[in-house]
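What follows is a short report on a single structure.
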Amino acid sequence: MAKLAALGLTRVSPHAHTQQLERPAPRRVLALGAYLKNRACLVDGAVVHWSPLHGDLENPSARAALAASAEALAALATGPLHAVAHDLHPDFYSTQLASTWAERLQVPSAPVQHHHAHTAATAAEAGLQAAVLGIALDGYGMGHDGAAWGGELLHMRAAADGLRCERLDHLPVLKAPGGDAAAREPWRMTTAALHQAGQGALSLRQFASSVGQEKIAGVLQMLDKGSRCPPSSSAGRWFDAAAGALGLCPYQTHEAQAAMQLEALARDWMGANPSFDHNFASPHLDHWMVDLCALASQGRDAQAQGAAQFHLGLAHWLAQRAAALAQQHRLQHVALGGGCFANALLRNTLTALLSTAGLAVHSPQYASCGDEGLALGQAWVAAHAPLTLEN
10 MAKLAALGLT RVSPHAHTQQ LERPAPRRVL ALGAYLKNRA CLVDGAVVHW
60 SPLHGDLENP SARAALAASA EALAALATGP LHAVAHDLHP DFYSTQLAST
110 WAERLQVPSA PVQHHHAHTA ATAAEAGLQA AVLGIALDGY GMGHDGAAWG
160 GELLHMRAAA DGLRCERLDH LPVLKAPGGD AAAREPWRMT TAALHQAGQG
210 ALSLRQFASS VGQEKIAGVL QMLDKGSRCP PSSSAGRWFD AAAGALGLCP
260 YQTHEAQAAM QLEALARDWM GANPSFDHNF ASPHLDHWMV DLCALASQGR
310 DAQAQGAAQF HLGLAHWLAQ RAAALAQQHR LQHVALGGGC FANALLRNTL
360 TALLSTAGLA VHSPQYASCG DEGLALGQAW VAAHAPLTLE N
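Residue numbers (the numbering used here): 10 to 400.
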């Protein structure tokens, strides 16, 4: 697998609907995927049958397509299905459809936490049977506590132990002023980080021209009161905060726009300054925002340096925590997953740091690191879980 990946090749063409795993799953499982970028799959032995990409399930046509795909995938099974896997969130259409299918087939409905599934998808592709440390970075996934997770360090047990998963650590929690609005308007996340660092007034200067002081003052008041500011450990929201601090993207017109602009700037800077490798690791990532804001007014080159600093700091923070946790729990393997790992600079930097620490690092090779590949992890967990089987 590693040789194929190094050559830029895979066993699965972009147009194929099947994937071959290194190891067979012990049970046949239909998995109905995520809410965003939904894609379902059937794991049958060592074969994964993938549905087409349906898109976001807020769209009625995507929901209809998922329902049709569930029928088509179930018909491909070489024997009785043992479980129907889905996300932990009870309100997702995929969760409700899974319940319907489980009742229809008289098999367990298997909820799998979002970031657990990301970790398991990578482990399934790598053929790992041992326990792993999962690093799952994305925009959102509901945690076991009902909160918004997205910057997670997880301990997933060995296959023989049912792939049980425990949250060991996470990125520092930020408040998301306005909830979903914070994901569309990065300036809100910058303001939240500055407020958390005791520098909320700095946001008034930072965004006065692009946002307006009245709007900023309103968000600061929300943060003071804790009103409509759900906490989140999301890596995606940290990228938004950094991009806003550097003056790159106070508003987003499409998903991950701020993060992609941040990566492009950092990549250019790192290319021009290959020896630039400062360690900005800190237990208080929000304090970085003050430094990044200071760079925003110093021109494009300073912005690019700030973008590089953020990437390196985040990678070092994750690597240091992961290495310590791996040693504590006697883990040798690290599984990366989640949409933030589409960022090659972050992925490659973190992989190098973890490898230097003596850890074996695994990234998705065939299925997407994002939610498009999540169903594989759902199915892999359900296939190994201690379920009561009807068939």
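No residue lacks a Cβ here, since even glycine has one placed at the ideal position from N, Cα and C.
To the nearest angstrom, how far is the alpha carbon of residue i from that of residue j?
i: Glu223; j: Ser212; result: 12 Å
i: Val390; j: Ala40; result: 10 Å
i: Ala126; j: Ser218; result: 42 Å
i: Ala324; j: Leu359; result: 5 Å
i: Pro395; j: Gly171; result: 6 Å
i: Glu399; j: Arg193; result: Reliability fails at Glu399, whose pLDDT of 37 lies under 50, so the model's placement of it is uncertain and the value that follows must be treated cautiously. One C-alpha to the other measures close to 45 Å.
i: Gly379; j: Ala268; result: 14 Å
i: Ala73; j: Arg214; result: 48 Å
i: Val38; j: Ala191; result: 36 Å
i: Ala129; j: Phe285; result: 34 Å
i: Thr27; j: Gln314; result: 43 Å
i: Val228; j: Gly155; result: 24 Å
i: Asp96; j: Leu90; result: 18 Å
i: Met298; j: Val121; result: 34 Å
i: Met151; j: Leu368; result: 28 Å
i: Gly88; j: Glu67; result: 32 Å
i: Ala76; j: Leu106; result: 7 Å
i: Ala361; j: Ser60; result: 34 Å
i: Gly382; j: Asn47; result: 9 Å
i: Arg237; j: Gln205; result: 16 Å
i: Ala366; j: Arg32; result: 28 Å
i: Leu321; j: Ala83; result: 45 Å
i: His363; j: Phe350; result: The sequence as given places Leu at residue 363; His does not occur at that position. Roughly 15 Å between the two C-alpha positions.
i: Ala4; j: Ser108; result: Residue 4 lies beyond the residue range present for the chain, which begins at 10 and ends at 400; the question has no answer from this structure.
i: Asp233; j: Leu114; result: 51 Å
Quick one: measure Cβ to Cβ for residue i and residue j, integer angstroms, because I've assumed they're closer than 8 Å.
i: Leu385; j: Ala376; result: 5 Å
i: Pro186; j: Thr200; result: 7 Å
i: Ala141; j: Ala332; result: Note that residue 141 is Val in the sequence shown, not Ala. Incorrect: roughly 14 Å between the Cβ atoms, too far for contact.
i: Gly159; j: Gly148; result: 6 Å
i: Gln270; j: Ala252; result: 6 Å
i: His342; j: Ala145; result: So it is not a contact: roughly 14 Å between Cβ atoms.
i: Gly347; j: His153; result: Not really, about 17 Å apart at Cβ, beyond 8 Å.
i: Val57; j: Ala92; result: Not a contact, Cβ separation roughly 15 Å.
i: Leu51; j: Ala133; result: Incorrect: roughly 13 Å between the Cβ atoms, too far for contact.
i: Ala388; j: Ala94; result: 5 Å
i: Ala71; j: Ala49; result: With a Cβ gap of about 11 Å, Ala71 and Ala49 do not count as contacting.
i: Ala162; j: Arg330; result: Reading off the sequence, residue 162 comes out as Leu, not Ala. Correct: roughly 6 Å between the Cβ atoms.
Quick check on DSSP: helix, strand or coil for residue i?
i: Ala43; result: coil
i: Asp300; result: helix
i: Ala14; result: For Ala14, the predicted structure reports a pLDDT of 34, less than 50, and the residue's modelled location is therefore unreliable. The matter cannot be settled from this model.
i: Gly348; result: helix
i: Ala376; result: coil
i: Asp154; result: coil
i: Arg2; result: Because the chain in this structure spans residues 10 to 400, residue 2 falls outside the shown range and cannot be described.
i: Ala8; result: Lying outside 10 to 400, the shown extent of the chain, residue 8 is not represented and no answer is given.
i: His164; result: strand
i: Glu272; result: helix
i: Arg176; result: strand
i: Ala185; result: coil
i: Ser118; result: strand
i: Asp233; result: helix
i: Ser241; result: strand
i: Tyr260; result: coil
i: Gly308; result: coil
i: Leu334; result: helix
i: Thr19; result: For Thr19, the predicted model reports a pLDDT of 34, less than 50, meaning its position is unreliable; a value from the coordinates is still stated below. Residue state, collapsed to three classes: coil.
i: Leu146; result: strand
i: Gly159; result: strand
i: Ala265; result: coil
Going by DSSP, what residues sit across from residue i in a beta bridge?
i: His342; result: Val141, Ala369
i: Gln29; result: Val56
i: Val38; result: Val52, Ala92
i: Leu385; result: In DSSP, Leu385 forms no bridge with anything.
i: Gly64; result: Asn47
If you check the beta carbons only, do residue i and residue j fall under 8 Å apart?
i: Ser242; j: His164; result: no
i: Ala305; j: Ala250; result: no
i: Lys184; j: Pro259; result: no
i: Ala275; j: Leu354; result: yes
i: Ala34; j: Gly54; result: yes
i: Asn352; j: Glu264; result: no
i: Tyr44; j: Ser118; result: no
i: Arg173; j: Arg166; result: yes
i: His371; j: Leu137; result: yes
i: Leu340; j: Phe319; result: no
i: Ala1; j: Trp278; result: The question about residue 1 has no answer here: the residues shown for the chain are numbered 10 through 400.
i: Gln312; j: Gly256; result: yes
i: Trp247; j: Leu203; result: no
i: Thr131; j: Pro373; result: yes
i: Pro181; j: Gln261; result: no
Run the proximity test for residue i: is its beta-carbon closer than 7 Å to any non-hydrogen atom belonging to the ligand ATP?
i: Arg48; result: Among the components of this structure there are no ligands whatsoever, and the ligand ATP is therefore not found.
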